[in-house]
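Enquirer: Position 789, counted from 1, in the sequence shown is what numbering that gives the first Met the number 0 calls 788; the numbers after and before it change by one each time, with no gaps. Every residue, glycine too, gets a C-beta built ideally from N, C-alpha and C.
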Amino acid sequence: MAHEPARAMAGQARQRFQESEEDRITRSAGHFSEFEADMPRLANRFQFSLKDNFSSYLGRNNPFYSEANDDTDYVWLLDNTAYQNRLGRWKAEFVAAYFVRHSGKDLSEVVAWVSEKIGLADDEEAKKTIALRLEPFLDAILPAHAVNIDLQGMKVRLGPSGRDGISTDELAIPGSGYKDGETITSKAIGATATPLKTTFAKTKGWAVLSDIDDTIKKTLTSSPVGILKTTFAEDPEPIKGMPELYKHIVQKLDNPPFWYLSASPYNLYPFLRQFRETYYPAGTMLLRDASWMNLAGFLANLTQGTEAYKVDRIEKVHEWFPRRKFILIGDSTQSDPEAYGEAYKKFPKWIGAIYIRKVTGVAEMDEGKKNNPERFEEAFKHVPKELWYVFEDPSELYTKVDALVQQQSPEQPSRLISVRHSDSATDRFVMTMEKHSYDDPDPVPLYILLVFAVLLCAYFAWLGSVAMRLYFYKGALAPEPERFVILPAYLRDRSPQRGHQRRVTAFPIPTPPKSPARQLASLSRVPHMNIAGIDPNELPDPEIRAFLAEQQRISRLPAFVQDDCGDGSDFPDIPFAIAPVEVKQNTLASPGLSRTKSAKNKSVGLKKLDPKEWLVVDNTYKDMHSARDYLLAKKNIECIQVKRDGEAACEELLQEIVRSLVSKYPERFSIKTVNRRKHIRNDITKEEWSLVRPFDCHPLEVCARLAMEDFNILLKGEFTQQYYLQASATLFPAGWRMRSLIGKPLSYMQDQDIYQWDDIPDVLPFTPLVDLLTRSTLYIQTYPDFRPLAHLLFIQEAKDFFPGNLSSLLPQHIIVRREHQTFRRLPKDGTIVFSTRTEVKRLTDLDVQERRELMKEIRGWDREVATRKGVELWQRAVVGYCEGKEVFKEDETVVDAGEITRVDDE
Numbered sequence: 000m001a002h003e004p005a006r007a008m009a010g011q012a013r014q015r016f017q018e019s020e021e022d023r024i025t026r027s028a029g030h031f032s033e034f035e036a037d038m039p040r041l042a043n044r045f046q047f048s049l050k051d052n053f054s055s056y057l058g059r060n061n062p063f064y065s066e067a068n069d070d071t072d073y074v075w076l077l078d079n080t081a082y083q084n085r086l087g088r089w090k091a092e093f094v095a096a097y098f099v100r101h102s103g104k105d106l107s108e109v110v111a112w113v114s115e116k117i118g119l120a121d122d123e124e125a126k127k128t129i130a131l132r133l134e135p136f137l138d139a140i141l142p143a144h145a146v147n148i149d150l151q152g153m154k155v156r157l158g159p160s161g162r163d164g165i166s167t168d169e170l171a172i173p174g175s176g177y178k179d180g181e182t183i184t185s186k187a188i189g190a191t192a193t194p195l196k197t198t199f200a201k202t203k204g205w206a207v208l209s210d211i212d213d214t215i216k217k218t219l220t221s222s223p224v225g226i227l228k229t230t231f232a233e234d235p236e237p238i239k240g241m242p243e244l245y246k247h248i249v250q251k252l253d254n255p256p257f258w259y260l261s262a263s264p265y266n267l268y269p270f271l272r273q274f275r276e277t278y279y280p281a282g283t284m285l286l287r288d289a290s291w292m293n294l295a296g297f298l299a300n301l302t303q304g305t306e307a308y309k310v311d312r313i314e315k316v317h318e319w320f321p322r323r324k325f326i327l328i329g330d331s332t333q334s335d336p337e338a339y340g341e342a343y344k345k346f347p348k349w350i351g352a353i354y355i356r357k358v359t360g361v362a363e364m365d366e367g368k369k370n371n372p373e374r375f376e377e378a379f380k381h382v383p384k385e386l387w388y389v390f391e392d393p394s395e396l397y398t399k400v401d402a403l404v405q406q407q408s409p410e411q412p413s414r415l416i417s418v419r420h421s422d423s424a425t426d427r428f429v430m431t432m433e434k435h436s437y438d439d440p441d442p443v444p445l446y447i448l449l450v451f452a453v454l455l456c457a458y459f460a461w462l463g464s465v466a467m468r469l470y471f472y473k474g475a476l477a478p479e480p481e482r483f484v485i486l487p488a489y490l491r492d493r494s495p496q497r498g499h500q501r502r503v504t505a506f507p508i509p510t511p512p513k514s515p516a517r518q519l520a521s522l523s524r525v526p527h528m529n530i531a532g533i534d535p536n537e538l539p540d541p542e543i544r545a546f547l548a549e550q551q552r553i554s555r556l557p558a559f560v561q562d563d564c565g566d567g568s569d570f571p572d573i574p575f576a577i578a579p580v581e582v583k584q585n586t587l588a589s590p591g592l593s594r595t596k597s598a599k600n601k602s603v604g605l606k607k608l609d610p611k612e613w614l615v616v617d618n619t620y621k622d623m624h625s626a627r628d629y630l631l632a633k634k635n636i637e638c639i640q641v642k643r644d645g646e647a648a649c650e651e652l653l654q655e656i657v658r659s660l661v662s663k664y665p666e667r668f669s670i671k672t673v674n675r676r677k678h679i680r681n682d683i684t685k686e687e688w689s690l691v692r693p694f695d696c697h698p699l700e701v702c703a704r705l706a707m708e709d710f711n712i713l714l715k716g717e718f719t720q721q722y723y724l725q726a727s728a729t730l731f732p733a734g735w736r737m738r739s740l741i742g743k744p745l746s747y748m749q750d751q752d753i754y755q756w757d758d759i760p761d762v763l764p765f766t767p768l769v770d771l772l773t774r775s776t777l778y779i780q781t782y783p784d785f786r787p788l789a790h791l792l793f794i795q796e797a798k799d800f801f802p803g804n805l806s807s808l809l810p811q812h813i814i815v816r817r818e819h820q821t822f823r824r825l826p827k828d829g830t831i832v833f834s835t836r837t838e839v840k841r842l843t844d845l846d847v848q849e850r851r852e853l854m855k856e857i858r859g860w861d862r863e864v865a866t867r868k869g870v871e872l873w874q875r876a877v878v879g880y881c882e883g884k885e886v887f888k889e890d891e892t893v894v895d896a897g898e899i900t901r902v903d904d905e
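#1: Closer than 8 Å is the cut-off here; do at least three beta carbon pairs connect the region 755 to 764 with the region 695 to 704?
#2: Beta carbon of serine 221, beta carbon of glutamate 363: below 9 Å?
#3: Hey, how far is the Cα of glutamate 243 from the Cα of serine 394?
#4: Under the assumption that glycine 161 contacts serine 55 (Cβ atoms under 8 Å), give the Cβ distance between them as a whole number of angstroms.
#5: If you follow the alpha helix (DSSP H) that asparagine 635 is part of, which residue opens it and which one closes it?
#6: Could you check how far apart the C-beta atoms of proline 744 and threonine 719 are, in whole angstroms? I think they sit under 8 Å.
#7: Quick check on proline 590: does DSSP put it in helix, strand or coil?
#8: Could you tell me if cysteine 649 is buried or exposed, where buried requires 16 or more neighbouring beta carbons within 10 angstroms of its beta carbon?
#9: Taking 9 Å as the cut-off, decide whether the C-beta atoms of arginine 817 and leucine 792 are in contact.
#10: Could you tell me the distance, in whole angstroms, from the CA atom of methionine 467 to the CA atom of asparagine 60?
#11: Can you tell me which of the three DSSP states valine 358 falls into?
#12: Comparing C-alpha positions only, which one of Ala647, Arg156, Phe199, Ile188 sits nearest to glycine 174?
#13: Once you ignore the five residues that flank arginine 738 on each side, which residues in its own chain have a CB closer than 8 Å to its CB?
#14: DSSP three-state label for asparagine 674, please.
#15: What is the DSSP secondary structure of methionine 284, reduced to helix, strand or coil?
#16: When the Cα atoms are used, what is the spatial distance from threonine 672 to glutamate 236?
#17: Under 8 Å, with one C-beta from each stretch per pair, do the region 24 to 32 and the region 98 to 108 reach the 3-pair mark?
#18: Taking 8 Å as the cut-off, is the C-beta of arginine 676 nearer than that to any heavy atom in the ligand ADP?
#19: Can you find the residues in the same chain that come closer than 6 Å, C-beta to C-beta, to glutamate 92, ignoring five residues on each side of it along the sequence?
#20: What three-state label does DSSP hand methionine 241 in the structure shown?
#21: Need the endpoints of the alpha helix (DSSP H) that glutamine 749 sits in, please.
#22: Using the three-state DSSP reduction, which class does serine 19 fall into: helix, strand or coil?
#23: Applying the 10 Å Cβ sphere with the 16-neighbour rule, what's the burial state of asparagine 266?
#24: Give the single residue among Gly118, Ala378, Gly329 whose Cα lies nearest to the Cα of glutamate 20.
#25: Could you have a look at valine 465 and say whether DSSP puts it in helix, strand or coil?
#26: When DSSP labels each residue in this structure, what does leucine 825 get in the three-state scheme?
#27: For the beta strand (DSSP E) that valine 94 lies in, which residues bound it at each end?
#28: Assign aspartate 335 to one of three DSSP states: helix, strand, or coil.
#29: Does DSSP classify arginine 156 as helix, strand or coil?
#30: When you compare only the Cα positions, how much space is there between phenylalanine 49 and tyrosine 778?
#31: If you count every other CB in all the chains shown that lies within 10 Å of the CB of tryptophan 461, and 16 or more means buried, which is it?
#32: My assumption, with CB atoms under 8 Å, is that arginine 841 sits in contact with isoleucine 814. Please give the rounded CB distance.
#33: Going along the chain, which residues of its own chain have a beta-carbon closer than 8 Å to the beta-carbon of aspartate 288, five neighbours each way excluded?
#34: How many Å lie between tyrosine 723 and glycine 742 at the Cα?
#35: For aspartate 682, I'd like the list of residues in its chain whose CB is within less than 6 Å of its CB, leaving aside the five on either flank, ordered along the chain.
#36: Since asparagine 79 sits in a beta bridge, which residues does DSSP pair it with?
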């Protein structure tokens, strides 16, 4: 289960802290807490990438943002109202909400829960409507994303979005000469988004700020079931008489701008926008940020902290239009009277009228408290009686609106408030400040200040380090280098420092190929003399003084600076060359190996392979996959090893394997996009693996889980010109331990006498850039019991090919194990991939032709290979069965875990 993000938890705490007395009355009467307790979670809303998660903290100045993807994302552009600043430039607040399309999980479960709660569990049409309106609540939000819009012919970027998936930008609108009430439309560029309508409003005149829920739209805010039913299931219903009243306001007050303020979350924006366009004048919708992960948060949005939220939004509108006269319209179900009364206390000259609709007939509503006249008197105790009015029928307000027209035009506010004038300097100053409202200058971008602070700190840190060095080294930035002079051997015994500070310089001596030692053969010892702080004139031996003077004369330096590479013992992980490296020298190929095209492949048993046949998925795939899955779970460290230099090649190998499997077996493997990340789906095992960072597991492990082959990645060292085993996924080894060889050169494997790798260096020079080379080899092993397939194939010691004793060497217990080895280069950097596919088959399951080919191959082995593969043990059983002869008589012993077992003839 996903955890609540910090922002969601903080938002919930803030709502509870801001809960007013009216909110508590509403929630208590409607039993909201009990209803919210079992509402479903919406856990998928905050599942976004690590980059978007951390970079979203940078907000508007985030340099790591991403553009909204037209294929996977969608954006809501909220309508706005443009205002003029003190210079006459038009500006507006542009708000955009970003979502991942169809990313919500458990939609059907949430729909079923809602439909059951509102009594429509059997209504399929209602369920479709509920699913359509719930989808924006379940879709994942997109922080750190931006969208470009066409704003009057100019390409303008909105965003990046913040932690809540919403971006807010105060932007200047190109052009001039816009008229009061004029509307323009802007559209997104390269993204799926709703159109954005901008309405221009002059600085003076009337304006309307209206609540939505139970003021102009039936929501039943006092009832949790009523909220769900009117929001998700029913067609939106306007309050009777309110559309006509708003048309009357438009006509009488010369088309004022409208703001629709609601505590509903922005997830309902398309739903509410369509409702407003159907019944009410155009205007800007101010909706609440949704920072919650369960459906209960939707109810809390409407019933907790609404007063503080609405006062905050009213203050924002006042910043844009401080000289307009506003009509505030709300209802008695929420905290509208208290919010509007608080707003009047802050801006008494800005509000021209307050109208509150008295809501009745809601079952869960405590009408005695909500519609109590004392409540309204208390809420509007600072508001003149003639400015506020509580109504039940919208027709009551027609005369009120007409009376506003008879008042003095709000373009001359000084006459309306003449009773407040005085001769005091304070009053004149206040009036002057309200008459001339200036915008705050734009702040310096945060990232500029951050960069400046970092540079300043780095500069002072550098000054501090210089000062410390000057103090510590007494005016110098570094200590004096230790200086030496090299003396000839005949002067060594006469040196005044004889026997002290003897310096050894080691030179590597080339060793023969495949030497078991790989150590330096000898060290050259050069006598030296440290002359730091020694005056040559003080040396007692005149011959040494003469030698030193001669060295100083023929060199511009007074002495040699110490430069000793040592014998390499301090750097065990750094490879060393065992011979001089030439540009065209091939240090890996055998000296006697033919370089002609006709002989090179035959010398190592190679043949070309069609790249399409590189990977094979046959009828044994499920059994092999089960064995590989067991080994990866139980012996992962023995099966998967990757050095740092092999990481990039592992990712490239994964892409090549995916490309090969999908093109060759499209009915079994396919590419899927999950949460905007590519995955490969294995329809055989019903597994999915991510193909982009962050991976579900290491890319090389994904390769091992998808394919039937083992993979070894070989990279050539730049200095030594040798190939190193930098990564390996070896689940079915044939008598060798991969973990002990990882990071080692091929020459090391030859020195360790691992015959499976003995001729690999002869193969690598012939591996082409495009074609694939392949060969096969076989082993004979016994299978005396019914051990799992994973144990049969995972063999790290040669003795484990023949468990048991001589009684196991019967045809029915013998397995023919064949390895198909393939060599290829990765296209990007030429890295060599050595892959092995293992097949096993019982000796008794071979047909006549297969037995003949088996005998032909065995007889073609040279003596060394036959001995290594244990031919002395199984020759009589295998040859006898293939040729129809008697298998056993008496004889021989079998090594079994260090013990000798004697099998007598029966």
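Expert: Concretely, from the data shown:
#1: no
#2: yes
#3: 9 Å
#4: 6 Å
#5: 635 to 638
#6: 7 Å
#7: With a pLDDT of 36 at proline 590, under the threshold of 50, the modelled position of that residue is not reliable, and no figure is offered here.
#8: buried
#9: no
#10: 38 Å
#11: coil
#12: Phe199
#13: Ile636, Glu637, Gln640
#14: coil
#15: strand
#16: 40 Å
#17: no
#18: Among the components of this structure there are no ligands whatsoever, and the ligand ADP is therefore not found.
#19: Asn79, Glu169
#20: helix
#21: 745 to 750
#22: coil
#23: buried
#24: Ala378
#25: helix
#26: coil
#27: 89 to 99
#28: helix
#29: strand
#30: Phenylalanine is not the amino acid found at residue 49; the sequence shown has leucine there. Using only the alpha carbons, I get a separation of about 48 Å.
#31: exposed
#32: 6 Å
#33: Gly10, Asp163, Ile165, Pro264, Tyr265
#34: 6 Å
#35: Arg667
#36: Thr197
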